[in-house]
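Below is one structure, written out as structure tokens, with a few remarks after it.
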Amino acid sequence: MNQARISVCALALSLLFPVSALAGVTLKAINTHSYEKSLYEAAAKQQIENGAPVDKQAFSVKSDDKVLGNILAGQGFNANDDNVCFVSWAAPDGKIQNLVPTIGFDNWEAEVCAGTRAVGVLADDKDSIKLAVIYDAQSPNASAVESVIFSVNTATGTFTPDNALTAKLGSQGAATLQALKTLYRASH
Numbered sequence: 043m044n045q046a047r048i049s050v051c052a053l054a055l056s057l058l059f060p061v062s063a064l065a066g067v068t069l070k071a072i073n074t075h076s077y078e079k080s081l082y083e084a085a086a087k088q089q090i091e092n093g094a095p096v097d098k099q100a101f102s103v104k105s106d107d108k109v110l111g112n113i114l115a116g117q118g119f120n121a122n123d124d125n126v127c128f129v130s131w132a133a134p135d136g137k138i139q140n141l142v143p144t145i146g147f148d149n150w151e152a153e154v155c156a157g158t159r160a161v162g163v164l165a166d167d168k169d170s171i172k173l174a175v176i177y178d179a180q181s182p183n184a185s186a187v188e189s190v191i192f193s194v195n196t197a198t199g200t201f202t203p204d205n206a207l208t209a210k211l212g213s214q215g216a217a218t219l220q221a222l223k224t225l226y227r228a229s230h
């Protein structure tokens with residue numbers, strides 16, 4: 043009898059809240075072949091030579107079954123031939139809209155990029171999605187794990203670095219998305 047009630051309740055809830063309404067934000071791996079040339083060209087405009095996507099670190103970002111865009115982690119070389127990393131954002135139509143140099147530039151200019159560990163969803167707020175990219179970085183004296191956080195506006199699909207959140211959490215050494223999520227929750 044109780045099993046029947048549970049089944050009826052589950053059916054009623056599924057009718058009231060379709061799976062797509064509960065889906066939230068999802069990342070789906072994408073093939074980067076079609077982005078190679080445009081990523082190379084966009085990287086060159088940022089003084090990154092031989093810019094290319096990182097294998098298995100490119101995803102289509104969906105919110106409630108609506109594709110907002112594609113996040114692609116990339117790597118290349120700076121003028122000193124040091125390994126550097128970047129993140130790019132492509133609109134749903136495939137055009138690169140934004141390329142953000144990360145490890146090897148700005149706050150991380152003293153480091154070289156030893157690799158991209160992970161790309162994932164950090165948080166899903168009503169108006170903004172927080173995406174994180176976790177890197178292995180190296181300086182002449184040490185190795186570190188660095189995170190860079192981005193915001194995606196769910197209404198417009200606009201992709202921007204979240205400099206304040208990156209400054210707060212990025213150098214805390216979170217080696218996994220789960221560890222970074224724990225830090226994020228503790229900071230809010």
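Add 42 to a position in the sequence shown, counting from 1, and you land on the number used in this note's numbering. Just so you know, even glycine gets a beta-carbon here, dropped at the ideal spot from N, CA and C.
Going by alpha carbons, who is nearest to Thr-68 out of Val-194, Ala-228, Ser-229, Asp-204? Val-194
Within the continuous alpha helix (DSSP H) that includes Tyr-82, where are the two ends? 78-87
Look at the Cβ atom of Ala-100, then the Cβ atom of Gly-199, and state whether they are nearer than 9 Å. no
Beta-carbon proximity of Gly-116 to Ala-86, cut-off 9 Å: no
With respect to the alpha helix (DSSP H) encompassing Ala-221, which residues constitute its N-terminal and C-terminal limits? 219-229
Would the beta-carbon of Thr-202 fall within 9 Å of that of Asn-125? no
Could you check what DSSP says for Lys-98 in three-state terms: helix, strand or coil? strand
Reference Asp-135; option with closest CA among Asn-122, Val-142, Gly-118, Asn-112: Asn-112
Round the Cβ separation of Leu-222 and Ala-216 to the nearest angstrom and send it over; I've been treating them as touching at under 8 Å. 4 Å
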